[in-house]
Amino acid sequence: SVRCVQETVLKLQQGEYVAPEKIEGVYVRHKVISEAFIYGDSFQSHLVGIFVPDSKKLIQFAEENGFQGTLEELCQNQEFKTVLKKELDTFAKKEKLYGFEMARHFKLEPASFQNNDLYTPCLLYTSDAADDLLCVDLGGRRIIKKK
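Numbers 779 to 925, taken from the numbering used here, label the letters of the sequence shown in order.
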């Protein structure tokens, strides 16, 4: 089932309002990220992200930072994700995101959202796909893809 929700602003636990599409747009401007999805709710004080990396650029970034492996291995490597998080946080600060607008935790998903049938042709998440991925109904929000 596809549910289309017009909610484009999220309220976090401490009362901050965030615009996830704006934040997703910042993350996809980073050379390593090709697709981004940001999620938050009023029961949490921080945002989480799901990022689909550009495979060639992620592997190049990994090698520049002393890591090796396949795309899938790098996406699961916690030490590598820690290095990537520092890079993404620095980038987000340069792009003038506030601390509460940055993804505190993220998952690297090696396959495109579209290849996994996680969104419809109009780029809306299906609630079934969201349930399968995170056990949370993400409410049919748009996914931001690098053009």
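A virtual CB, placed ideally from N, CA and C, is assigned to each residue, including glycine.
Residue i, DSSP secondary structure in three states
{"i": "F815", "result": "strand"}
{"i": "T898", "result": "Because T898 sits at a pLDDT of 48, beneath the cut-off of 50, its placement in the model cannot be relied upon, and the following sentence gives the value as read from the coordinates. Note: T898 maps to coil in three-state DSSP."}
{"i": "V830", "result": "strand"}
{"i": "K872", "result": "helix"}
{"i": "K789", "result": "strand"}
{"i": "V804", "result": "helix"}
{"i": "V861", "result": "helix"}
Residue i burial status per 10 Å Cβ neighbour count (16 or more: buried)
{"i": "Y795", "result": "exposed"}
{"i": "S820", "result": "exposed"}
{"i": "A797", "result": "exposed"}
{"i": "G827", "result": "buried"}
{"i": "G818", "result": "buried"}
Rounded C-alpha distance that separates residue i from residue j
{"i": "D832", "j": "K789", "result": "30 angstroms"}
{"i": "K809", "j": "L862", "result": "12 angstroms"}
{"i": "D867", "j": "M880", "result": "7 angstroms"}
{"i": "T786", "j": "F858", "result": "31 angstroms"}
Segment limits, beta strand (DSSP E) that includes residue i
{"i": "K885", "result": "881 to 886"}
Beta-carbon proximity check, residue i vs residue j, cutoff 8 angstroms
{"i": "F815", "j": "E802", "result": "yes"}
{"i": "S812", "j": "V806", "result": "yes"}
{"i": "F829", "j": "L875", "result": "no"}
Minimum Cβ-Cβ distance from residue i to chain C less than 8 angstroms
{"i": "S890", "result": "No chain C appears in this structure, which consists of one protein chain only."}
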